[in-house]
Amino acid sequence: MSEAQPRLRAALSLGVTTLLVLGLVASQWLLGDSAQQMQFDARLAPPSLNHWLGTDALGRELWARTLAGLALSFWVGCLAALLSTLIALSLAALATLSPRLDALVSLVIDTLLSVPHLILLMLIAFALGGGTQAVIIAVAITHWPRLARVLRAELLQLRQAPYVLISQALGKSRWFVLHAHLLPHLIPHCLVGALLLFPHAILHEAALTFLGFGLSPSQPAIGVLLAEAMRYLSGGYWWLGVFPGLALLMMVLSFERLSNHLRRAL
Amino acid sequence: MLEARELSFQFSPGVSLLQAVSLTLSAGQWVGLSGDSGAGKSTLGKLLAGYVTPQAGHISLDGEALPSRGLQPVQWLPQSPELAVNPRWRVGKILREAWAPSNAQCQAFGIQPGWLSRFPHALSGGELQRVCVLRALAPGVRFLIADEISTMLDPITQLELWQALKQEAEKRQLGVLVISHDTALLERLCPQRYHLHDGQLTSWSAE
Amino acid sequence: MLTIDQLSLQLPVYASWWKREWTTCLDKLSLHFSAGEVHAVVGASGAGKSLLAYAMMGLLPTPARLNGQLYYQGSPLDRPRQRQLRGRELALIPQSLNALDPLVRTQRQVAWAAQRSGQPSKSARHAAQLALDHYQLDARAQQAYAHELSGGMARRVLTAMAHVSQAQLVIADEPSVGLDPHQRQRVLAALRELADQGKTVILITHDLRHALPIADRVTIMRHGKQVETAAASAFQGNGDSLTAVYSQALWQALPDNSFSIRGTRKAQQDIQKEANVA
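The structure is reproduced here in structure tokens:
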């Protein structure tokens with residue numbers, strides 16, 4: 001393609017990602033409880049025509065568990081990214097109200113950014129007692145500062161834009177200026193920000209679970225699968241780690257690409 | 001009558017931009033303001049429109065202070081119309097932000113009906129500037145501060161814009177402060193002219 | 001020196017989210033710029049003046065359809081040759097002052113421009129010093145960063161950079177915007193001087209009045225088309241020696257002339273007719 005078409009690419013990327021997500025959601029109905037069904041005659045079977053991606057130590061089908069794990073990661077990622085964006089947006093809006101609040105918000109942002117993600121994640125998840133909810137909250141709390149910083153800078157600049165000042169001089173209320181001029185301008189930032197957060201959230205959910213601070217081992221999360229796979233790696237049971245890992249990578253990359261394309265197109 | 005008395009303004013202590021400047025603008029009067037860049041022309045304009053507050057002195061409209069909220073009777077028109085409009089709004093929505101101009105008024109300013117459904121970036125600077133000027137002429141507006149509004153325009157567009165504004169101002173007895181460093185333009189437009197230098201106003205006439 | 005032959009440019013415009021249309025921004029321009037001349041290209045905003053500059057420098061945005069030919073000193077000027085000559089033989093003084101590197105002091109910035117033209121670093125520094133003194137940038141300005149310069153100083157720094165790069169063709173895009181009369185005169189005088197040294201200067205501006213005192217020839221553009229190319233001396237009196245109605249109107253509308261257009265309605269029709277014929 002010699003003539004670059006950012007919008008076409010963004011649309012293609014959006015289509016592919018939507019298809020993946022729809023397929024993932026649909027597969028959960030078709031799966032039923034096959035992710036939990038044990039087959040004691042086929043434990044640790046390598047990939048074959050009968051067992052597409054092989055089975056684990058309890059004879060459970062790996063493809064079913066991978067799909068179920070991806071779906072779980074997807075929801076966790078979605079909710080965490082959404083929550084993060086909401087926190088970022090409200091704090092950025094708060095920061096524009098007064099210089100003092102602005103200083104406070106900036107301080108919180110800088111403090112959070114100076115602490116390594118994973119340590120904070122583990123502490124929060126641990127304090128909340130683990131489980132899906134704790135992971136979502138922990139990921140949301142640790143991921144908003146970057147976006148909040150961008151949104152705050154954007155809002156501060158925008159409030160001094162001539163058209164915003166003129167709107168006030170034309171007798172428009174604060175509320176009108178906020179929802180008619182300021183917020184719509186932030187929507188693309190929020191959208192791209194949320195999409196960029198999403199793969200991060202999934203990876204951190206997996207990392208947290210892998211380290212044992214996240215979802216419970218009974219749930220077929222990708223992180224749980226990878227943690228289990230570690231135990232069997234030395235026995236040469238490579239498929240246990242490779243397939244869930246690849247699936248996670250694919251999902252993360254497709255969202256990363258989508259957000260990059262959208263950023264260019266918007 | 002818009003009256004500024006003994007206005008002083010400084011950005012930082014010790015660096016004084018305006019020193020006790022007084023200026024009056026009555027209904028239907030056109031006043032020109034020239035000066036080098038950085039002399040404080042724009043700041044004086046913004047002070048009069050209430051965008052900036054002076055450190056000393058005060059501005060009154062018919063003896064009363066400017067209203068703190070609601071439609072301002074003194075409207076400011078900036079140099080670049082591209083920054084004065086929300087890029088996400090269509091031109092029709094921009095034009096009608098404060099009031100709904102009639103078709104005849106649009107025609108007087110040369111605003112084509114076809115523009116209204118377009119976005120601002122699809123209009124040229126001159127076309128957009130006309131939209132901005134008409135937008136500011138809401139009923140209740142009595143004074144205009146035109147800060148270099150035709151500097152970026154070619155001579156024909158500039159002429160058309162001033163002709164339209166002159167007509168409307170005459171009809172409604174608007175007072176207009178024209179800020180420009182183009183002295184030839186000020187001579188054409190304004191019977192009364194001032195030059196701002198070293199924070200002081202001096203009156204001037206054609207050489 | 002530089003010849004443009006039947007140059008057309010189309011750029012994509014999104015009519016809606018999906019519909020991409022090609023609008024014609026430059027329409028079959030044929031121009032010749034000769035050495036030792038200041039050639040002003042004048043037009044309203046949106047006439048395609050800046051795009052013409054970018055086309056000559058090879059700096060157009062990527063999805064663009066460019067037709068026609070450029071010749072520099074007799075041989076075709078294509079993209080690779082533009083890239084090779086840019087900053088050496090061809091220099092652009094851009095409209096945006098953001099073109100200066102914000103992290104580099106003026107003196108080094110100008111020295112870099114000299115180095116880019118192939119001079120060894122010592123003589124480049126020397127040339128930079130001479131140019132800075134020549135454009136009356138004092139010691140404080142020479143040690144300043146871009147944000148500490150006033151608009152007029154920044155333009156003179158950009159002009160000094162074009163000067164030391166020993167470019168044979170200098171394109172100045174709206175060099176007088178945002179400057180007060182005093183500074184504007186200095187910047188324009190600097191351009192005139194470049195031409196007097198035998199270089200080709202293309203002055204792109206919307207400001208006919210200020211271009212005239214330094215220009216030898218003037219090309220009037222409208223909606224991407226060339227309306228007229230005339231000697232600067234043709235713009236005098238009531239503009240009767242101009243051939244196109246549009247250029248006459250442009251001349252008469254100036255505040256120092258009649259500040260009116262004779263028979264406005266008729267003139268507009270004539271301008272429209274003229275555009276349709278061209």
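Chains as they are written, first to last, in full-length UniProt numbering: chain A, 1 to 266; chain B, 1 to 207; chain C, 1 to 278. The C-beta atom is built at its ideal place from N, Cα and C for all residues, glycine as well. All values derive from a computational prediction rather than experimental measurement.
Contact set between residue i and chain B, taken where Cβ atoms lie within less than 7 Å
{"i": "Leu170 of chain A", "result": "Leu71, Glu97, Ala98 and Ala138"}
{"i": "Pro63 of chain C", "result": "Here the premise fails: no neighbours, minimum Cβ distance about 17 Å."}
{"i": "Asp180 of chain C", "result": "Asp36, Ser37 and His181"}
{"i": "Pro184 of chain A", "result": "Arg88"}
{"i": "Ala215 of chain C", "result": "Going along chain B, no residue has its Cβ under 7 Å from Ala215 of chain C, so there is no contact; the nearest lies around 16 Å."}
When the options are compared against residue i, the one with the closest alpha-carbon
{"i": "Cys106 of chain B", "options": "B:Ser203, B:Glu168 and B:Ser205", "result": "B:Glu168"}
{"i": "Gly92 of chain B", "options": "B:Gln173, B:Leu174 and B:Pro120", "result": "B:Pro120"}
{"i": "Pro116 of chain A", "options": "A:Glu154, A:Leu240 and A:His204", "result": "A:His204"}
{"i": "Leu8 of chain A", "options": "C:Ala172, C:Gly43 and C:Lys19", "result": "C:Lys19"}
{"i": "Ser60 of chain B", "options": "B:Glu170, B:Gln173 and B:Arg5", "result": "B:Arg5"}
{"i": "Glu148 of chain B", "options": "B:Leu7, B:Asn103, B:Val176 and B:Pro67", "result": "B:Val176"}
{"i": "His39 of chain C", "options": "C:Arg222, C:Leu212 and C:Ala234", "result": "C:Leu212"}
{"i": "Leu165 of chain A", "options": "B:Gln75, B:Gln192, B:Leu116 and B:Thr183", "result": "B:Gln75"}
{"i": "Ala253 of chain C", "options": "B:Gln200, B:Asp198, B:Cys190 and B:Leu185", "result": "B:Leu185"}
{"i": "Glu89 of chain C", "options": "C:Ala111, C:Arg116 and C:Val187", "result": "C:Arg116"}
{"i": "Leu85 of chain C", "options": "C:Asp173, C:Tyr246, C:Gln168 and C:Glu228", "result": "C:Gln168"}
{"i": "Asp5 of chain C", "options": "C:Glu37, C:Met56 and C:Glu21", "result": "C:Met56"}
Interface flag, residue i vs chain B, CB-CB below 7 Å
{"i": "Ala154 of chain C", "result": "no"}
{"i": "Ser241 of chain C", "result": "no"}
{"i": "Pro162 of chain A", "result": "yes"}
{"i": "Asp256 of chain C", "result": "yes"}
{"i": "residue 325 of chain C", "result": "Since the first residue of chain C shown is 1 and the last is 278, residue 325 of chain C is not available in this structure."}
{"i": "Leu250 of chain C", "result": "yes"}
{"i": "His189 of chain A", "result": "no"}
{"i": "Ala190 of chain C", "result": "no"}
{"i": "Ala275 of chain C", "result": "no"}
{"i": "Gln253 of chain C", "result": "Per the sequence presented here, residue 253 of chain C reads as Ala, with Gln not at that position. Taking Cβ atoms only, chain B reaches closer than 7 Å to Ala253 of chain C, which makes this a yes."}
{"i": "Phe259 of chain C", "result": "yes"}
{"i": "His179 of chain A", "result": "no"}
Beta-carbon proximity list for residue i, same chain, < 6 Å, skipping 5 on both sides
{"i": "Pro102 of chain C", "result": "Ala146"}
{"i": "Lys41 of chain B", "result": "Leu33, Gly35, Ile179 and Leu196"}
{"i": "Ala93 of chain A", "result": "none"}
{"i": "Trp144 of chain A", "result": "Ser84, Ile87 and Ala88"}
{"i": "Asp270 of chain C", "result": "Val245"}
Minimum Cβ-Cβ distance from residue i to chain A less than 7 Å
{"i": "Pro101 of chain B", "result": "no"}
{"i": "Pro78 of chain B", "result": "yes"}
Within chain B, the residues that residue i reaches when beta carbons sit closer than 9 Å
{"i": "Ser167 of chain A", "result": "Asn86, Glu97 and Ala98"}
Own chain partners of residue i with C-beta closer than 8 Å, once the 5 adjacent residues on each side are dropped
{"i": "Ala189 of chain C", "result": "Ile214"}
{"i": "Glu3 of chain A", "result": "For Glu3 of chain A, the predicted model reports a pLDDT of 46, less than 50, meaning its position is unreliable; a value from the coordinates is still stated below. None."}
{"i": "Thr55 of chain A", "result": "Gln39, Ala42, Arg43, Leu44, Ala45, Glu61 and Leu62"}
Amino acids of chain B, ordered along the chain, whose beta-carbon sits closer than 8 Å to that of residue i
{"i": "Gly43 of chain C", "result": "Asp154"}
{"i": "Leu208 of chain C", "result": "Asp154 and Pro155"}
Distance between beta carbons of residue j and residue i, contact taken as under 8 Å
{"i": "Ala227 of chain A", "j": "Phe210 of chain A", "result": "5 Å"}
{"i": "Tyr194 of chain B", "j": "Ser205 of chain B", "result": "11 Å between Cβ atoms; not a contact."}
{"i": "Leu240 of chain A", "j": "Ala247 of chain A", "result": "13 Å between Cβ atoms; not a contact."}
{"i": "Ile220 of chain C", "j": "Leu250 of chain C", "result": "7 Å"}
{"i": "Ala71 of chain A", "j": "Val25 of chain A", "result": "7 Å"}
{"i": "Ile111 of chain B", "j": "Val131 of chain B", "result": "6 Å"}
{"i": "Ala153 of chain A", "j": "Ala88 of chain A", "result": "Actually they are not in contact, since the Cβ atoms of Ala153 of chain A and Ala88 of chain A sit about 12 Å apart, beyond 8 Å."}
Chain-order list of residues whose beta-carbon lies under 7 Å from that of residue i (same chain, five-residue window excluded)
{"i": "Ile141 of chain A", "result": "Ile124"}
{"i": "Val252 of chain A", "result": "Pro199, Ile202 and Leu203"}
{"i": "Asp27 of chain C", "result": "Ser8, Gly224 and Lys225"}
{"i": "Ala162 of chain C", "result": "Ala91, Ile93 and Val170"}
{"i": "Phe33 of chain C", "result": "Met1, Leu2, His39, Thr200 and Ile202"}
Test: residue i CB closer than 7 Å to a CB of chain C
{"i": "Ala184 of chain B", "result": "yes"}
{"i": "Arg188 of chain B", "result": "yes"}
{"i": "Gly125 of chain B", "result": "yes"}
Where residue i meets chain A, residues with beta-carbon distance less than 7 Å
{"i": "Gln75 of chain B", "result": "Ala169"}
{"i": "Tyr51 of chain B", "result": "Leu165"}
Under 8 Å by beta carbon: chain C residues contacting residue i
{"i": "Gly45 of chain B", "result": "Correct list: empty, because the minimum Cβ distance to chain C is about 16 Å."}
{"i": "Leu159 of chain B", "result": "Ala253, Phe259, Ser260 and Ile261"}
Residue i: contacting residues in chain A (beta-carbon distance under 9 Å)
{"i": "Leu83 of chain B", "result": "Ala161, Pro162 and Tyr163"}
7 Å Cβ cutoff, residue i in contact with chain E
{"i": "Ala144 of chain C", "result": "Among the protein chains of the structure shown, namely A, B and C, there is no chain E."}
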